[in-house]
Amino acid sequence: MNKRMIALAGTVLLLAGCGQNPATDAGASPVGKTFLSTAVTEDGKPKQLAPKTRVRLQFTDDGRLVADAGCNSMQSKVSTSDGKLTLDGELASTAMGCPGPQQGQDQWLAGIISAKPTWKLDGNKLDLTAGSTTISLTDRKVAEPDLAVDGTKWALTSVITGETASHLAGSEKAWITLNGERVTGSTGCNDFQGVVARSTGKLTFGELATTRRACPGQPAALESQLLKGLKGEVTYQVTGAELRLRSAAGGLDFTAVR
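Position 236, counted from 1, in the sequence shown is what my numbering calls 330; the numbers after and before it change by one each time, with no gaps.
Put into structure tokens, the structure is as follows:
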């Protein structure tokens, strides 16, 4: 009798184990992952985001949530316990000027993640819900695999000075392409080329040769900032379709030209 009871108990435990879905059990967590939005609904209806933007949520290993909706980046310490996102303090945000729709989108996203939204992770899919609004997201590594640093045309998006990210007028015309030990590009006014050495996570730019077209006003300021950022040793990181260059003096952010 005892042996039969033990066997039956083992069968029940085995069946219970087979019924669990590891992607949706209590151990599933978004921490250490980045997610990109695929759809947004409000009151059961699709919500359109500003053109060429999407929501990005990064859950860092040290317990922070870094979020953006296509313009400014905002972050705070966060708890993901009990299926809710609970911020620890106020959201800290960059102060970059954004076009009208994107500025409003920043405020909308800040309201969502400040409202203690619930979250549900199912494999690579994350749903974030606050009230009648649900943001559906996919793991960034699935939605937007990292591009190769070589052979990609990278268009300038932001210039980083200290803690400030700025978008200079005409920056979309500035770009770089890396190919082995060569770098070519444009400041938006002048073309340039030069040599670049690399080691793990680092690039070291040599002297860049540029054309000599006059660049008055804003184009001159942009050219100066770009060439300053492409000087000497910098760290680099490719995340999806974005390239980040950083040095002690600041940095440059680029996005891939599709």
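C-beta: ideal position from N, C-alpha, C; glycine also.
For residue 221, list the residues DSSP reports as bridge partners. 214 and 230
Beta-carbon contacts of residue 133 that lie in its chain and below 6 Å, excluding the five residues immediately before and after: 230
Rounded separation between residue 307 and residue 331 - CA only: If you draw a straight line from the Cα of residue 307 to the Cα of residue 331, it is about 31 Å long.
Where residue 209 and residue 224 are concerned, what is the direct C-alpha to C-alpha distance, given to the nearest angstrom? 7 Å
How would you label residue 200, buried or exposed, when you count the other beta carbons within 10 angstroms and need 16 or more for buried? buried
Look up residue 123 in the DSSP assignment and say whether it is helix, strand or coil. Looking at residue 123 - three-state DSSP - the assignment turns out to be coil, as it is neither helix nor strand.
Residue 253 classed as buried or exposed, judged by whether at least 16 other C-beta atoms fall within 10 angstroms: It counts as buried.
Should the region 141-152 be called in touch with the region 162-169, which here means at least 3 C-beta pairs below 8 Å? yes
Alpha carbon to alpha carbon, how far is residue 289 from residue 273? 10 Å
Taking the beta carbon of residue 136 as the centre, do at least 16 other beta carbons fall within 10 Å, making it buried, or is it exposed? exposed
Cα-Cα, which of 287, 187 and 244 is closest to residue 203? When each option's Cα is compared against that of residue 203, the closest is 187.
For the region 306-320 and the region 273-283, state whether three or more C-beta atom pairs, one from each stretch, are separated by less than 8 Å. yes
Just the C-alpha distance for residue 263 and residue 234, rounded to the nearest angstrom, thanks. 29 Å
Is it right to say residue 347 is buried, meaning 16 or more other beta carbons lie within 10 angstroms of its own, or is it exposed? buried
So, under 8 Å CB-CB, residue 222 and residue 320 are touching, yes? Tell me the CB distance rounded to an integer number of Å. Beta-carbon to beta-carbon, residue 222 and residue 320 are separated by about 36 Å, too far to satisfy the 8 Å threshold.
Which residues in the same chain have their Cβ closer than 6 Å to the Cβ of residue 259, if we skip the five residues on either side of it in sequence? 188, 190 and 252
Can you tell me which residues form a DSSP beta bridge with residue 181? 172
Contacts around residue 154, its chain only, beta-carbon distance under 6 Å, and the 5 residues preceding and following it disregarded: none
Please report the residue range of the beta strand (DSSP E) in which residue 312 lies. Premise fails: residue 312 lies in the alpha helix (DSSP H), 312-323, not in any beta strand (DSSP E).
Looking at residue 194: is its Cβ nearer than 9 Å to the Cβ of residue 172? Contact: no.
Would you be able to state if there are at least three C-beta pairs under 8 Å between the region 241-250 and the region 171-185? Because the criterion of three Cβ pairs below 8 Å is not met, the region 171-185 and the region 241-250 do not touch.
Are the CB atoms of residue 179 and residue 169 nearer to each other than 9 Å? no
Closest to residue 270 by C-alpha separation, out of 138, 123, 238 and 304, would be which residue? 304
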